[in-house]
Structure formats: structure tokens, C-alpha cells
Amino acid sequence: MTERLKLTDAVIKYGDIPIVNGVSLTVNAGEMIFITGANGSGKSTLTKGIAGLLPLSSGTVERTPLMSYVPQYEEADRDFPARVSEIVLTGTQRPYKLFTSRSDRKNAFDAMKALGIDGLADKQIKTLSGGQLRRVFLARAICGKPELLLLDEPCAGLDAQSHEELFAIIRGLLADGCAVVMVTHDISDIDLISEGRSIRISGGRIAGYE
Amino acid sequence: MNDIIEIFTYPFVYRALIAGSLISVCASVLGVILVLKHYSLIGHGLSEIGFASLSLSSALNLPAMYVAAPSVFASSFVIMFVSRKYRTAGDIAIAAASSSALALGIAISSLSGKTSNMNSYLFGSVLAVDEVDLVTAVILSVIVIVTFIVLYNRLFLITYNEDYARSLGINTALYQMIISVLTALVVVMGMKMTGTLLISGVIILPAVTAKIIASGFKSLVIISGVISFIAFIGGLTLSFVFNIPAGAGVILMNTAVLILVRLAVRKRK
Chain A
-8 MTERLKLTDA VIKYGDIPIV NGVSLTVNAG EMIFITGANG SGKSTLTKGI
42 AGLLPLSSGT VERTPLMSYV PQYEEADRDF PARVSEIVLT GTQRPYKLFT
92 SRSDRKNAFD AMKALGIDGL ADKQIKTLSG GQLRRVFLAR AICGKPELLL
142 LDEPCAGLDA QSHEELFAII RGLLADGCAV VMVTHDISDI DLISEGRSIR
192 ISGGRIAGYE
Chain B
-15 MNDIIEIFTY PFVYRALIAG SLISVCASVL GVILVLKHYS LIGHGLSEIG
35 FASLSLSSAL NLPAMYVAAP SVFASSFVIM FVSRKYRTAG DIAIAAASSS
85 ALALGIAISS LSGKTSNMNS YLFGSVLAVD EVDLVTAVIL SVIVIVTFIV
135 LYNRLFLITY NEDYARSLGI NTALYQMIIS VLTALVVVMG MKMTGTLLIS
185 GVIILPAVTA KIIASGFKSL VIISGVISFI AFIGGLTLSF VFNIPAGAGV
235 ILMNTAVLIL VRLAVRKRK
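Residue numbers (our numbering), protein chains in the order written: chain A, -8 to 201; chain B, -15 to 253.
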């Protein structure tokens, strides 16, 4: 099995306070891990650490460079003058390439279509509802054909149909060998992916495997 | 009318026209990034540091750009770094650095007895653009525009969401440095044209106006460049008609366009 993510004794601190405290985790190609836990348990901090947005105080993280991340809250200007297609296309960017190709644009269009937002391609992002914007960020995450997909509460703001569509897309990605790590509050999500595992975080540590 | 058209046939005027147009377009394109990243004050801070440097170079009888260019470049790195790391402290640092630099420039000019140059440093003299300035403006403008085009996708991503760019493994610090260099280039180029007090307006105002009407990032960049070009030509004409400094004419024209666009959009709604 190809490893997509290996976290070893990861510790992430805010100041002197450890928010993630010694988490170890391995996710292989085609595997899905759900991360559950109460508010403030360290789930989002853990995903930010995996995404490289927060430094580890100790421990190591090894991950495939082909990673996409959908944060719980996008820390970007809601009033930013950009079209949906422009935002989605950024998901195809990689450190080693500066220009977008025709296949990148096709992947972006396919991702928008899969999430039912192809009709919004020319809309400004500031005109979208919260749920539509969520789907834009999901489309951006999948259009880069990631090998590791990190999703932090991706279902927040999605209606039932979009929720179903998202899980159908995740099943497709898993079948293609993508590893998926999803933070969720909704335990019923776990039943939607039969081959998924789940870990429960409490006080920054893994408190249980389900 | 014929008098105005005739004015544009003089060599010193068409030099001003070419150099000024190029600098205006470069400044406005870069201004899009600075406005959207809430770095609008940076151009202002750098230009006043440029003023202090120009005063110093004049006092020491050194070529202006030998002192101004390195100072502005170094300051741009420091200001960008502080703004990035400590957002609120960044604004304070820029305000403190710019007023201190302005005061220092005035003090140096007074002590050296070269206060006559102060006016041109502060308010610019686009009509004094010589052949060397023109060639420099063309070369630097090509560097700015080509860099912007080549790095367009990256600059868009980093302007929109730096965190997301970092999660993709992109070296955001490198691109911040590139933005700093381009900003410093534009400020150094623009100081002679509009003066150190007004260059930040040339950088910021077209982007602010374009943001009102643009539907996407690409259109924002294009509209900002077009507005800046038109405002420069209009401002230069204004300066001939009313016998006011060209820099002031360009800024007033940019302000007029901003007000008109704002009113037109409000009326449509």
C-alpha cells in the first residue's frame, strides 16, 4: 500500500499550550479516515498541521505533495473580485508549474460540473450563498487530482443533495487511489463510506478508534 | 484645442507621455495586488522613504538613484515582512516610518541648504524626464509587466488566499518578496513623475476604481491599467490647461474618475 500521509508523534502548540499532543496516524492510498471529537478537541488544528499551515512543535509529518485542503473557514476576503471559475482553477496550481494548461481548465470545469456549479462559473464569488461557496472550495480541491484530500467539516452549509453528491465524489476519488482525511461532527457520515475508519480526538490526543 | 495637440508634439512632452504612461500602467496593475491584500499604505510609506533618500543624495552630491533605489528596496522588504507578520503593527510601522522619513528628508534638505530641490521631490516633474529616464522607465516597465504576466496565476492565488497557496506547497514568502521588489521598482520609477507625496495615489486609485466595476480578477487588472492610462493622459492635459504640476493633475483626474464611476454605479442600482 502506498502511504499518502504519515504523522508521527505530532505536537502542535499555540504558545506553550499543546493543542495537538502526540498524534500518530498513517493513511494509505484509497483509504478514508474520519476525525471526530468535541469542539476544541484539536481536530482543525491537526488538519492545519497536516496541511503545513501550522508548524509542528515536535514530531514529523510526511505527505504526498499532491494534496488539497478544504478548511473549515476560508480565511479570504468575501468581497474579493473573482469569478467562480478563477477560484476553482487555482486548485490546479502546483509549486513546479506557473501556467494553466487546457487539461487544467477541463479538470476545473469537470469539478464544477460534478458539484453542480458549472452554471455559476462566471458569477462573482461575492454573489454566492454560503453553500454554493462551499461547493466552489470543494471543486477547487478536487480539480487538482489530489493524492491526499483534507476536508475540515466539508458538509457544513451543504443541503442534502449536495451532501450526497460530495460523498459520491469521495467514493470516486478513493477508487482512484486518493486518500481522504475528513473532520466531521456528524457521526452518520462515517456510515456513508463502508471502507472508512474513524478516530476520535479528545484533548489533542487520539482517544479512540472506531 | 490645437494648442494642446501641439504641446504633445514637443520631445520633452512625448518623453513624459511615454514614460508616464508606462509607469502609470505598471503602478496600477501592481496596485490591484496591494489594494486587495490591504497593503495600500505600503506605496505611501516607501515613497516618503524615497523622499528622505533623495534629500540625502542631494546633500551628498550623489546621483539620486544610487541612494534612493537601495533604500526603497530595503525598506520594501522590511515593511512587507512586518505587515505580513504583524498586520496591525504593520500599519503602525508604515505610518511611523513614513512620517519619520518625511521629517528626516525635510531636515536633511534644510541642513544642506538644498531646499529648492524639495519641491520637485515632493511633487514631481514629469516634464523633466530625459532620455536616460525614458530608457530606464521602458526597461523597468517591461520587467514589471513581464513578471506580472508570467507569475499571473501565482500572484492571483497569493492575493486571494495565501494560506491555501501554502497548503499547495507554494513558497509564498518568495512571491511576497517579488511583490516587494515590483512595488519598490514602481515607487522608484514614479518618484520623478508624480513626486514622492503622490505616487501612492497612482498605485492605489485606479485599482480602487476598477474594483467597483470589475467582475473578476483578470478584468480588474485590465480595467485598472486602462483607467490609469486614461487618467494619466487626462491629468497631463489638465496640468497644461491649468498650469498645475503634472502629478497633481494625474491624481486629481484619477480621483474624478473614481467619483464618477462610483456615482454611475450607484445610479444604475
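Even for Gly, the Cβ is constructed at its ideal location relative to N, Cα and C.
These numbers come from a predicted model, not from an experiment.
*What's the call for residue 170/A, buried or exposed, on a 16-neighbour Cβ count within 10 Å?*
buried
*If we ignore side chains and look at the alpha-carbon of each, how far apart do residue 107/A and residue 151/A end up?*
13 Å
*Chain-ordered chain B contacts of residue 78/A [CB-CB under 8 Å]*: 144
*How is the beta strand (DSSP E) around residue 143/A delimited, first residue to last?*
139 to 143
*asked:* For residue 188/A, which residues in the same chain have their Cβ closer than 8 Å to its Cβ, ignoring the five residues on either side in sequence?
replied: 22, 23, 24, 25, 200, 201
*Identify each residue in the region 42 to 72 of chain A for which the Cβ-Cβ distance to at least one residue of chain B is less than 8 Å, and report them in chain order.*
42, 43, 44, 56, 58, 59, 60, 62, 65, 66, 67, 68, 71, 72
*Determine whether the Cβ of residue 134/B lies closer than 8 Å to any Cβ atom of chain A.*
yes
*In its own chain, which residues sit with a C-beta less than 7 Å from the C-beta of residue 181/A, not counting the 5 before and 5 after it?*
25, 187, 189
*On a CA-only basis, which of -8/B, 51/B, 33/B, 103/B is nearest residue 229/B? Give me that one, please.*
103/B
*Report buried or exposed for residue 30/A, applying the criterion of at least 16 other Cβ atoms within 10 angstroms of its Cβ.*
exposed
_Would residue 50/A and residue 135/A qualify as a contact pair, given that the criterion is a beta-carbon distance under 8 Å?_
no
*Using Cβ-Cβ distances below 8 Å, what residues of the region 89 to 119 of chain A are close to chain B?*
89, 90, 91, 113, 115
*Can you have a look at residue 87/A and say buried or exposed, based on whether 16 or more other CB atoms are within 10 angstroms of its CB?*
exposed
*Between the C-alpha atoms of residue 211/B and residue 109/A, what's the straight-line distance to the nearest angstrom?*
32 Å
*Interface flag, residue 195/B vs chain A, CB-CB below 8 Å*: yes
_Applying the 10 Å Cβ sphere with the 16-neighbour rule, what's the burial state of residue 12/A?_
buried
*So, is the C-beta of residue 154/B closer than 8 Å to a C-beta in chain A?*
yes
*Would residue 141/A pass as a contact of residue 64/A if the rule is Cβ separation under 8 Å?*
no
*asked:* Assuming contact is defined by CB atoms lying nearer than 8 Å, are residue 231/B and residue 179/B in contact in what I supplied?
replied: yes
_Cβ of residue 74/A within 8 Å of any chain B Cβ_ = yes
_Secondary structure of residue 84/A, DSSP reduced to three states_ = coil
*asked:* Excluding the 5 residues flanking residue 205/B on each side, which residues of the same chain have their C-beta closer than 6 Å to its C-beta?
replied: 13, 16
*Helix, strand or coil: how does DSSP classify residue 77/A here?*
helix
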